[in-house]
Amino acid sequence: MNENRPNMPYEEDDSRMREILGSLRHASPPREVQERIVQVAMKRVKKRPLLAHGFELALAASAAAVAIGVGLHLWGPNAPVENPLPAKGSLHASGELPTSFKIDAHEVHLSPETEVEVLAAEPGRIELALSSGKATFDVQRLEAGEVFRVKTEHVLVEVVGTRFSVQSERACSTVTVEEGRVRVSDTAGAVILLSPKQQRRFCPGANADYLLRQALVLISGGGSLDEAVKLLEDYLHSNPAVTLEEEALYHLCLAHARLGNDEEARRLAAEFRQKFPESPRLDRLERGLATLP
Amino acid sequence: MTLLERCQAGDAAAWEQLFRERSAQVYRWAVLLGLGPADAEDAAQEVFAIASRRIDTCHSEGALGSWLYQITRRVVANLRRTTWIRRVLLGGESLQPAFGGSESPETPKEIAIRSCLEKLPRAQAEVMVLMEIEGFTREEVADMLGLPPGTVASRLRLAKQAFRRHWQELEEAAGEISLSWGQR
Chain A
497 MNENRPNMPY
507 EEDDSRMREI
517 LGSLRHASPP
527 REVQERIVQV
537 AMKRVKKRPL
547 LAHGFELALA
557 ASAAAVAIGV
567 GLHLWGPNAP
577 VENPLPAKGS
587 LHASGELPTS
597 FKIDAHEVHL
607 SPETEVEVLA
617 AEPGRIELAL
627 SSGKATFDVQ
637 RLEAGEVFRV
647 KTEHVLVEVV
657 GTRFSVQSER
667 ACSTVTVEEG
677 RVRVSDTAGA
687 VILLSPKQQR
697 RFCPGANADY
707 LLRQALVLIS
717 GGGSLDEAVK
727 LLEDYLHSNP
737 AVTLEEEALY
747 HLCLAHARLG
757 NDEEARRLAA
767 EFRQKFPESP
777 RLDRLERGLA
787 TLP
Chain B
15 MTLLERCQAG
25 DAAAWEQLFR
35 ERSAQVYRWA
45 VLLGLGPADA
55 EDAAQEVFAI
65 ASRRIDTCHS
75 EGALGSWLYQ
85 ITRRVVANLR
95 RTTWIRRVLL
105 GGESLQPAFG
115 GSESPETPKE
125 IAIRSCLEKL
135 PRAQAEVMVL
145 MEIEGFTREE
155 VADMLGLPPG
165 TVASRLRLAK
175 QAFRRHWQEL
185 EEAAGEISLS
195 WGQR
């Protein structure tokens, strides 16, 4: 890490960063792009009807009057104050401490360094995007037609009235259900239902390949075998039809053997034999396992 | 009359002046918040379209920059959402020069900075862009983003740590003297 470099005091390093970033302070688009932006924007301004401003105000005033009237009629003057829905596009982030917020009657608990963006928040329809970290959702029972969704880069989780958590990491998302049931769709369109106490990791194809690459780097470079096993397991669980399953299973089996997990290695070897009976790797695998006690 | 008041009165010349004065800034924000050049151009046009419809909600000339930024970040977030599937399924496209064109000597540095920003959590990158590139103070950024100043400071600290790390990785990968963190 840079902070530990002996000949680079932190303050000096910081000012260098400022200098690098500051080089973009006056960056401009090419002249023709700037001109296009102005011309298109001018066309849009000119298209705006002269009466639009007054008309919008009048429309807003009428809508407000109708809304107030309907509100008074439905809820009366002593109606309880509802928890206001957060604005669409608003961001809820925890710093170094966990934090919580409410959306309607539902509760969202953010672990440290977590960010959730509100994609939609209206009665009966809540959609959130978890961009990083882990969030736990306590969702009240939903009526028919009501929607509570949480999206990460890797999955879309739809609630059927429940308590669950979603964790988004670089290559995968983990969904854990405590109560109720959730429906999860991955980026390939596969949909599964998760029941209470079930947990599932989702690592879409492009990201999953990254897991396999990392595992092979660890194995070939003499890195942590435990870490490689975890990556390979994530890869294999990422999708029922991962493209390099044969390679992943082969290395997972040998990694377990090298770690001394003989029973697991044998189980995986049997699985490999069943799935890939024609594989040229089968012979090497069996020779490798023959040395096990 | 101020520029803002003239725009609010529907003066076309004032609008053109505002667009000319602010187009580079809005485009730059869009790029630094993670859009490619083509999307940033669309975003800038959309920002100005929204601004022209909602100019009455801007209350002072001094707040114009901050007000335009609020619109920009929403437009960028929407654009990023609509390109979500494209980014996830097709993987990240290589960054295209957004400012000087491929022949500009500054382009490698621009691409390097943007690729490091791209790797940061978006909220951290946003704070870093506003403070370290745009030169806003911590209090101004806190006001713009509706955050406590302490959160802004904390995000900036994390952003700097991560940015420094990514920059060093780039430097090691490229071996380019021009990217060297320690060069003077």
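Residue numbers (our numbering), protein chains in the order written: chain A, 497 to 789; chain B, 15 to 198. Glycine residues also receive a C-beta, built at the ideal position from the N, C-alpha and C atoms.
In the structure shown, Leu606/A adopts extended strand secondary structure according to DSSP, grouped into three states. Per DSSP, reduced to three states, the secondary structure at Thr96/B is helical. Shown here, Ser716/A sits in a helix according to DSSP, grouped into three states. Cys699/A sits away from Tyr746/A, with the two beta carbons spaced by 8 Å or more. For chain B, the residues of the stretch 607 to 633 of chain A that bring a beta carbon within less than 8 Å of one of its beta carbons are Glu609, Glu611, Glu613, Leu615, Ala625, Ser627, Ser628, in chain order. In the same chain as Pro111/B, and ignoring 5 residues on each side of it, the C-beta atoms closer than 8 Å to its own belong to Pro51, Ser118, Thr121, Glu124, Ile125, in chain order.
One thing to note: Lys693/A has its Cβ no nearer than 8 Å to the Cβ of Val678/A. Close to Pro582/A, with beta-carbon spacing below 9 Å, lies no residue of chain B; the smallest spacing is near 11 Å. Going by beta carbons, Ser586/A and Ala631/A fall outside the 8 Å limit.
For Val646/A, the enclosing beta strand (DSSP E) has its first and last residue at 643 to 647. In the three-state reduction of the DSSP assignment, Phe633/A falls in the strand class, which pools E and B. Put simply, the CB of Gln530/A is near chain B, with a gap under 8 Å to one of its CB atoms.
Rounded to the nearest angstrom, the gap between the Cα atoms of Ala27/B and Tyr706/A is 53 Å. Taking CB atoms only, Val541/A has a neighbour in chain B less than 8 Å away.
In the DSSP assignment, Ser37/B falls outside any beta strand (DSSP E) and lies within the alpha helix (DSSP H) extending over 26 to 46. In terms of CA proximity to Leu134/B, His180/B leads the group Val90/B, Met158/B, Leu159/B, His180/B.
Under a 10 Å Cβ-count criterion, Gln535/A is classified as exposed, with fewer than 16 other Cβ atoms of the shown protein chains found around its own Cβ. Within 9 Å of the CB of Gly149/B, the CB atoms of chain A belong to Gly518, Arg521, in sequence order along the chain.
The beta carbon of Ser108/B does not come within 8 Å of any beta carbon belonging to chain A, so the residue lies off that interface.
Bridge partners of Lys598/A according to DSSP: Glu603/A. Residue-level contact check: Thr86/B does not touch chain A, since none of the beta carbons of chain A fall below 8 Å from its beta carbon.
Under the three-state reduction of DSSP output, Leu778/A falls in the helix class. Contact note: Ile715/A does not reach chain B at a C-beta cutoff of 9 Å; the least C-beta distance is about 22 Å.
The shortest CA-to-CA distance from Glu618/A to any of Ser607/A, Gln636/A, Pro582/A is the one to Pro582/A. Rounded to whole angstroms, Phe772/A and Leu690/A show a C-alpha spacing of 30 Å.
Segment contact: the stretch 162 to 176 of chain B against the stretch 130 to 144 of chain B, three or more CB-CB distances shorter than 8 Å; contact assigned.
Close to Ile599/A, with beta-carbon spacing below 9 Å, lies no residue of chain B; the smallest spacing is near 17 Å. Within its own chain, the residues whose Cβ lies closer than 6 Å to the Cβ of Val612/A, once the five positions on either side in sequence are excluded, are His588, Leu624, Leu626, Ala631, listed in chain order. Take Ala761/A, set aside five residues on each side of it, and the residues of its chain with a beta-carbon closer than 8 Å to its own are Cys749, Leu750, His752, Ala753, Leu785, Leu788, in chain order. Against Gly591/A, the close residues of chain B are Gly164, Thr165, Ser168, Arg169, in the order they occur along the chain (beta-carbon pairs closer than 8 Å). At a cut-off of 8 Å between beta carbons, Ile125/B makes no contact with chain A. The beta carbon of Arg36/B is closer than 7 Å to those of Leu82 in its chain, skipping five residues each way along the sequence.
Interface with chain B (8 Å Cβ-Cβ cutoff): Ser669/A is excluded. In this structure, Ile147/B keeps its C-beta atom at 8 Å or more from the C-beta atom of Arg512/A. Around the beta carbon of His73/B, fewer than 16 other beta carbons sit within 10 angstroms, so the residue counts as exposed. Of the residues assessed, Pro525/A falls on the buried side of the cut-off, its CB having 16 or more other CB atoms within 10 angstroms.
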